[in-house]
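Notes follow the structure.
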Amino acid sequence: MWSRICGGRDRRFVAGFTPARRLLMRTSPDPLTQTDLQKWGDEGWLLLRDAVPADVIQRLRDLCAGVVDTIIDGLADAGVVEDKRSALPFETRLAVVAGRHANRYGRSWRNEIAAPAVYDLHHAERLARAIGQICASDVIGHPVFNARPKLPGQQLTVVPWHQDSGYFGQESADSLIPTAWIPLVPVDASNGCIQVVPGSHRMGIVDHRTEEREGRFLEVDPVLSDGAEVVTCPMDVGDALLFHNLTLHRSTAHTGSETIRWAIDIRYLRDGDHPGAIYWPDPDFKWVIRSDDEHVTPLADWLEQWQ
């Protein structure tokens, strides 16, 4: 295995989107260049800088902080913790107050964060337009998203090498289901950033097995990553790491301080492709995010899928 660190900040920043600026955004330059799209085709991943506006990031942080409030309130009501430490910052509070008990709340959250901020994240203009370029179709939302708090020294949230299609099943073999992995705090190799194996999406779906470690994630045979080039992806808040559903990737262990590595991963779907083995509660539901021909799915309709 040999490695490199992705870098070189090509800042093609687009200011925050509002409905009144829709026409302006349609005529502004595309987020991805032909070189970017060639890299996507060759390597199965891209790092899109400044993909998500700061106000959307803050709403996501507030959303996760609300879940932390609920967790700590429950522990306090049960007499497990005495001091809620409400003044502690978002980056540390869960670890400091409830770190010993955090595993009982799982390795990721979905229903807990099914709220307008997540809907708006999928619709972030620069991100959604980049996905439209990658898919060369209308932009369709996928039902899988996760908030992932990775605490220092926590084995539960160390994710091994896998493909997302390992979870989606053989039905997704020919589908394009791009993931956008978005940190809510700065990330690097010390606190659990993502690593990818460039070009691994060309292998097709490979066999996965359940790991024996605490997280019980799916993993691939180590022979598939041994000797391969590995790219480590440090990122800033607002960046998005985009990768193919067949690209091998993992998150590193959190070996840093008490600061939690907060991130959220979301997925899109090329229009007309099979979403894999994970479906909306309503099998006829289609989440249209960007389209020249179809109506964009309203927030209320999306929220109904999570009630």
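With the working numbering as the guide, the letters of the sequence shown map in order to residues 112 to 418. Backbone N, C-alpha and C fix where the C-beta goes; we use that ideal spot for every residue, glycine too.
In chain order, Asn257, Arg259 place their CB closer than 6 Å to the CB of Ser219, counting only its own chain and leaving out the 5 sequence neighbours on each side. Beta-bridge partners of Ser362 (DSSP): Ile305. A direct Cα-to-Cα measurement between Ser311 and Trp151 gives close to 12 Å. Ranked by Cα distance from Val207, the options Pro227, Ile224, Ile183, Arg221 are led by Ile183.
Going by C-alpha positions, Pro254 is about 14 Å away from Pro227. For Ile224, the three-state secondary structure derived from DSSP is helix. Counting every other CB atom within 10 Å of its CB across the protein chains shown gives Asp350 a total of 16 or more, marking it as buried. Phe279 is not a Cβ neighbour of Asn222, given a cutoff of 8 Å. Between the segment 302-317 and the segment 402-417 there are fewer than three inter-stretch CB-CB distances shorter than 8 Å, so the stretches are not counted as touching.
Under the three-state reduction of DSSP output, Thr181 falls in the helix class. Ala291 is not a Cβ neighbour of Leu359, given a cutoff of 8 Å. The count of Cβ pairs closer than 8 Å, one atom from the segment 328-341 and one from the segment 269-283, reaches three, so the stretches are in contact. Here DSSP, grouped into helix, strand and coil, assigns Glu236 to helix.
For Thr146, the enclosing alpha helix (DSSP H) begins and ends at 145-154.
Three or more Cβ pairs closer than 8 Å define a contact, and the segment 196-214 meets that threshold against the segment 170-181. A check of alpha carbon separations from Val399 across Val407, Asp393, Ala388 identifies Val407 as the nearest. The residue among Gly383, Ser402, Ala189 with its C-alpha nearest the C-alpha of Asp395 is Gly383. Taking 8 Å as the cut-off, the beta carbon of Ile377 is found closer than this to the beta carbon of Leu232.
Nearest in C-alpha terms to Leu262, of all of Ile389, Gly367, Gly190, is Gly367.
Cβ-Cβ distances below 7 Å link Glu322 to Pro271, Phe328, Glu330 in the same chain, with the five nearest sequence neighbours on each side left out; the list follows chain order. In the three-state reduction of the DSSP assignment, His273 falls in the strand class.
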